[in-house]
Amino acid sequence: MRRPMIAGNWKMNKTPAETVALIQELKKIHPRTNVEIVVCPMTVSLFAASAQIKGSELHLGAQNVHFEDKGAFTGEANCASLKELGVEYVILGHSERRQYFAETDETVNKKVLKVLENGMKPIICVGESLEQKQTGITNEVVCLQTKAALCGVSTAQITDCVIAYEPVWAIGTGMTATAADANRTIAAIRGAIKDMFGYVAENVRILYGGSMNDKNANELMSQPEIDGGLIGGASLVAEKFDKVVNYSDR
Ligand code: 13P
Numbered sequence: 072m073r074r075p076m077i078a079g080n081w082k083m084n085k086t087p088a089e090t091v092a093l094i095q096e097l098k099k100i101h102p103r104t105n106v107e108i109v110v111c112p113m114t115v116s117l118f119a120a121s122a123q124i125k126g127s128e129l130h131l132g133a134q135n136v137h138f139e140d141k142g143a144f145t146g147e148a149n150c151a152s153l154k155e156l157g158v159e160y161v162i163l164g165h166s167e168r169r170q171y172f173a174e175t176d177e178t179v180n181k182k183v184l185k186v187l188e189n190g191m192k193p194i195i196c197v198g199e200s201l202e203q204k205q206t207g208i209t210n211e212v213v214c215l216q217t218k219a220a221l222c223g224v225s226t227a228q229i230t231d232c233v234i235a236y237e238p239v240w241a242i243g244t245g246m247t248a249t250a251a252d253a254n255r256t257i258a259a260i261r262g263a264i265k266d267m268f269g270y271v272a273e274n275v276r277i278l279y280g281g282s283m284n285d286k287n288a289n290e291l292m293s294q295p296e297i298d299g300g301l302i303g304g305a306s307l308v309a310e311k312f313d314k315v316v317n318y319s320d321r
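Heads up: the sequence shown runs through residues 72 to 321, numbered per the numbering used here.
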């Protein structure tokens, strides 16, 4: 059985003080199912977040990390520091990082391996652009991104990996993939993991992300292949995030 996960990617929002305030609100959320809730604040807000979530049901995630252990990489953060702060998950390969910060399949793969080596779990983002979707190569694109990211991962490690299918054209646009389309693409991603790791792919969680919110969470989550959501905008408002977390009540 795959435990559902709802993760909030706060992107470049919420100062440390604002982070504390939002987490205080989120701590009041009572998930009525077995869903795992993850919050991913900015790197500079992780310290404040970490203290605030102690003893709660919330899990802590980061939005990026460097693949080297330490050294002359001005402005970067390493895995050891995230780990020390109590970070459990690290979002990797988000399309905004691929687009604006020259993240490639190769750097994503290096980061995946480093995160696992440090005892944390990667949330690996894959997704097609609008042009790729219109050309009809969605499955090829997302399966290649998935396989490239997982190169060198062991069979023992694969169930610590979470994949997030985020169609680039759906992020922050209000447009979502239809639940059926998202389900089909996620099934293809699971097939790619099966090619590499065999049947254990059935235990790997694959999330949907891209304008998922309090209104559409239930429909998306009712699909058999969709194991959770990576939520942007709707994760910044406690009331909306609560409704996404309690998707099954709707
Ligand atoms: P939105 O939910 O704002 O579309 O963002 C999705 C996303 O990029 C999550 O990582």
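A virtual CB, placed ideally from N, CA and C, is assigned to each residue, including glycine. None of these values were measured; they are calculated from a predicted model.
query: I'd like to check one pair, valine 136 with glutamate 148: are the Cβ atoms closer than 8 Å?; result: Reading off the sequence shown, one finds alanine at residue 148, where the question assumed glutamate. Against a cut-off of 8 Å, the Cβ pair of valine 136 and alanine 148 comes out as a contact.
query: For lysine 204 and isoleucine 162, I'd like the C-alpha separation in whole angstroms.; result: 23 Å
query: What are the boundary residues of the beta strand (DSSP E) that includes valine 109?; result: 107 to 111
query: Have a look at Met267, Met246, Pro87, Glu296 and flag the residue whose alpha-carbon is nearest the alpha-carbon of asparagine 284.; result: Met246
query: Going by other Cβ atoms of all chains shown within 10 Å of its Cβ, with 16 needed for buried, is aspartate 298 buried or exposed?; result: buried
query: Does glycine 132 pass the burial test, meaning 16 or more other C-beta atoms within 10 Å, or should it be called exposed?; result: buried
query: Looking at the ligand 13P, does it come within less than 7 Å of glycine 190, judged from the CB to the closest heavy atom?; result: no
query: Does any heavy atom of the ligand 13P sit closer than 7 Å to the C-beta of methionine 283?; result: yes
query: Quick check: does the Cβ of alanine 259 come within less than 7 Å of any heavy atom belonging to the ligand 13P?; result: no
query: Starting from the C-beta of serine 319, find all residues in its chain whose C-beta is less than 8 Å away, skip the five residues before and the five after it, and write them out in chain order.; result: Arg103, Thr104, Asn289, Met292
query: To the nearest angstrom, how far is the alpha carbon of valine 212 from that of isoleucine 257?; result: 12 Å
query: Compute the minimum distance between the beta carbon of isoleucine 242 and the heavy atoms of the ligand 13P, and state whether it is under 7 Å.; result: yes
query: Specify, as a first and last residue, the run of the beta strand (DSSP E) that valine 163 falls within.; result: For clarity, residue 163 is leucine in the given sequence; the question names valine instead. Element bounds for leucine 163: 160 to 163.
query: Could you check whether tyrosine 160 and isoleucine 194 sit closer than 8 Å to each other, using their CB atoms as the reference points?; result: yes
query: Just mark phenylalanine 268 as buried or exposed, buried being the case when its beta carbon has 16 or more other beta carbons within 10 Å.; result: buried
query: Check whether the region 107 to 118 touches the region 84 to 92, counting contact only when three or more Cβ pairs, one atom from each stretch, lie closer than 8 Å.; result: yes
query: The ligand 13P and asparagine 66: does the residue's C-beta get closer than 7 Å to at least one heavy atom of that ligand?; result: Nothing in the structure corresponds to residue 66, since the chain is present only between 72 and 321.
query: Pick helix, strand or coil for valine 186, following the three-state DSSP scheme.; result: helix
query: Going by C-alpha to C-alpha distance, which of Asn80, Lys314, Lys181 sits closest to glutamate 139?; result: Lys181
query: Between the alpha carbons of arginine 321 and lysine 314, how many angstroms are there, rounded?; result: Residue placement at arginine 321 is flagged as unreliable, the pLDDT there being 46, under the threshold of 50; the coordinate-derived value follows with that caveat. Straight-line Cα distance between these residues: approximately 8 Å.
query: Would you kindly report the start and end of the unbroken alpha helix (DSSP H) that includes methionine 246?; result: Run containing methionine 246: none; DSSP gives neither H nor E here.
query: Quick check on proline 87: does DSSP put it in helix, strand or coil?; result: helix
query: Identify the residues that DSSP records as bridge partners of lysine 192: which are they?; result: Tyr160
query: Roughly how many whole angstroms lie between the Cα atoms of valine 158 and glycine 190?; result: 10 Å
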